[in-house]
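Step one of this worksheet: look at the structure below.
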Amino acid sequence: MTTRPPTLDEVALRAGVSVGTVSRVINNRRHVSQKARQAVESAVAELGYVPNVAARSLASQRRGAVVLAISSDDPALFANLFFAEVITGVNAVIEETDLELLLILAASERGRARLARVLQSRGADGVMLLALRENDPLAKVAEAGNVPVVHGGRPLDRAPRWYVDADNRGGAREAVEYLISTGRRAIGTVTGPLDMHAGVSRYLGFREAVALAGLDDHRVVHADFTEPGGAAAMARLLDEHPDLDAVFVASDAMAAGALHILRERGRAVPEDVAVVGFNDILTARHTRPALTTIRQPIVALGSEMTRMLVRVLGGEEPTPLILPTELVIRESA
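Numbering (the UniProt record's numbering), first residue to last: 1 to 333.
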């Protein structure tokens, strides 16, 4: 019977330090205290950990930097609390290592060329990709860089080796099942972009829930994960389906726009129309009324994809990770 070799995580747990510290000690990097170094060396000896030889040889050529490349060039990106929380999670793990973080907005040809230059010059050891759309050329640029690539959120058109995602489909299904449990029957949805995995998955979750309940699934308007997009979609839903008594909105930003239109049209929330969002960003707690939503662990999405990349750079082979979601009930439904 073959014994599984210990992992970096197990060495870190035994030594009582971070995975980044273990990686720095193994690769003989600086900025590690003598106490931490001794703890790691002791854990390595005790567990019989053998570093990946190929990874060790690559370590000497590393630049000590990783890239977070976002498929967006929107100047208002950092006003979007989803991205702000992801970056918070990324930075929390980066601070445990001696890596530098490079942020590249790369939806445009110029942004993608910038990423290509960084990778061609060996200016980064790995890449994290976020907000990819179907057939996004950013993925090809990253893959051509011959460095590890970790995806934040699954791409729609490929099966990457490493990714971290949330249970978008299950969360959407839970949102609609909750609306049904409160007696709503004329339920609609404002979807996200259907060239993104999250947009498609949340739409499928809506359709599954209403189908299982024997309800119609035709009250649908597609939007773009933005507040103005959510407002426009909500106005169209009300125009086309005046009988609407509930709506699942596939992001909190869009739900904020939807609530504005409902107030403008004189529809009381939740008495006339119940509303459930998705994400549980800070905005959800401060809408009028406060938004019932599906919480996905956004900060953890950033931290886990960064931790996954650190593990790959340390010679490990982590498996993809799906993070759980949770219904948060407030006043809107």
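Ideal Cβ positions, reconstructed from N, Cα and C, are used throughout, including at glycine.
Query, Result
"ARG173, buried or exposed, once every other Cβ within 10 Å from all chains shown has been counted against 16", "buried"
"Distance between beta carbons of ALA246 and ALA274, contact taken as under 8 Å", "4 Å"
"Residue from ASP224, LEU262, VAL44, ALA256 whose Cα sits closest to the Cα of ASP239", "LEU262"
"Rounded straight-line distance, which links the Cα of VAL22 to that of LEU47", "13 Å"
"Neighbourhood of ILE70 by C-beta, 6 Å cutoff - its chain only, sequence neighbours within 5 removed", "LEU105, LEU130, ALA131"
"Buried/exposed call for ALA54, threshold 16 Cβ in 10 Å", "Reliability fails at ALA54, whose pLDDT of 45 lies under 50, so the model's placement of it is uncertain and the value that follows must be treated cautiously. Exposed is the call here."
"Per-residue DSSP class, three states only, for MET128", "strand"
"Span separating the alpha-carbon of LEU103 from that of LEU13", "30 Å"
"CB of ASP125 within 8 Å of CB of VAL66, strictly", "yes"
"Exposed unless 16 or more other CB atoms sit within 10 angstroms - verdict on GLY266", "exposed"
"3-residue-minimum beta strand (DSSP E) runs that sit fully inside the segment 140-197, ordered along the chain", "149-152, 163-166, 187-191"
"Inter-residue spacing [alpha-carbon to alpha-carbon] between TYR49 and ASP98", "22 Å"
"Counted within 10 angstroms of its Cβ, other Cβ atoms place LEU179 as buried (16 or more) or exposed", "buried"
"Residues sharing a beta bridge with HIS222, DSSP", "THR191"
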